[in-house]
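Q: In the UniProt record's numbering, the protein residues as written are 1 to 86. This structure is in structure tokens; I'll ask about it shortly.
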Amino acid sequence: MAGLPTVTTNVGSVTEIVLDGHTGIVTGFDVQEIANSLEKLVSDKSLRSNLGNAAKEYTAANFGVQRAVNDHKVLYKNLLINRAKS
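What follows is the structure, given as structure tokens:
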């Protein structure tokens, strides 16, 4: 989690990770659109910083190790509860 903003196209489930205008820029598939988005980041230090910081926070909260550990704790707890009921 380097805290860097991302420029990506809307492919697959990328929009679950990159939130357009918040953690990065989701752009069209056109080469010029991608270039324009990259230029926007290169020329706007504040935008780069804001998107990068938001990306770091978002990924840590939603995809970090602690989140995975907590999700597994809940899963195992539910499995044990359901096993005890049956």
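All C-beta atoms in this analysis are idealised placements derived from N, C-alpha and C, irrespective of residue type, glycine included.
Taking Gly52 as part of the alpha helix (DSSP H), name the residues at either end of that continuous run.
A: Against the sequence shown, residue 52 aligns to sequence position 52. Lys45 to Phe63 is the span of the alpha helix (DSSP H), which, as asked, contains Gly52.
Q: Based on Cα-Cα distance, which residue from Asp30, Asn82 and Ile34 lies nearest to Thr6?
A: Along the sequence shown, one-based indexing puts residue 6 at 6. With distances taken between Cα atoms, Thr6 lies closest to Ile34.
Q: By Cβ distance, which residues of its chain are closer than 6 Å to Asn10, with the 5 residues on each side in sequence left out?
A: As a working mapping, residue 10 is identified with position 10 in the sequence shown. So the qualifying residues of the chain are Val26.
Q: Can you list, in chain order, the residues of its chain whose CB lies under 8 Å from that of Ala61, leaving out five sequence neighbours each side?
A: If you number the sequence shown from 1, residue 61 lands on position 61. For Ala61, where only same-chain residues beyond five positions count, the Cβ hits under 8 Å are Arg67.
Q: For Asp20, write down the residues that DSSP places opposite it in a beta bridge.
A: Within the sequence shown, the letter at position 20 stands for residue 20. Bridge partners of Asp20: Gly24.
Q: Counting Cβ pairs, one atom from each stretch, are 3 or more of them under 8 Å apart for the stretch 64-82 and the stretch 38-49?
A: The stretch 64-82, when compared against the stretch 38-49, does not touch it at the 8 Å Cβ threshold.
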